[in-house]
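Notes follow the structure.
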Amino acid sequence: MDKSSIKISIVASQFNELIVESLIESSIETLEKKGYRSDPEIFKIPGAYELPLAVRNVAEKKKPDGIIAL
């Protein structure tokens, strides 16, 4: 399987933005190191309470192969 063709999305809370931005950067670096695409689609949401619904919406509408929720 060619990992570079796998589509990954990141759904991230804007609460604690400094911490979450660092987590996003680390996630992208890890994806690159493991051979995955380095350009995941990133969706930012207001807070953690919205995270489950946002992940579901991304899964249904964008149909990525994987989702990272932060």
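If you're matching positions, the sequence shown starts at 7 in the numbering used here and goes up one per residue. The beta carbon of each residue, even a glycine, is placed where N, CA and C say it ideally should be.
Terminal residues of the alpha helix (DSSP H) in which residue i lies
i   : result
S33 : E23 to K39
A60 : L57 to K67
Integer-rounded CB distance, given that residue j should sit under 8 Å from residue i
i   : j   : result
L57 : V17 : 7 Å
E47 : K67 : About 11 Å; that fails the 8 Å criterion.
Between the CA atoms of residue j and residue i - distance to the nearest angstrom
i   : j   : result
I51 : I73 : 14 Å
P70 : S15 : 6 Å
S44 : E31 : 10 Å
L59 : Y42 : 25 Å
I12 : L29 : 20 Å
Buried versus exposed call for residue i [16 or more other C-beta atoms within 10 Å across all chains shown]
i   : result
S19 : buried
L37 : buried
Own chain, CB closer than 8 Å to residue i, minus 5 neighbours either side, in chain order
i   : result
F21 : P52, G53 and A54
Any non-hydrogen atom of the ligand GDP within 7 Å of residue i CB
i   : result
G72 : Looking at this structure, you won't find the ligand GDP or any other ligand, since it has none at all.
Other residues of its chain near residue i: CB distance less than 6 Å, five sequence neighbours each side excluded
i   : result
V61 : V17, I73 and A75
Residue span of the beta strand (DSSP E) that contains residue i, given as start and end
i   : result
A18 : I14 to S19
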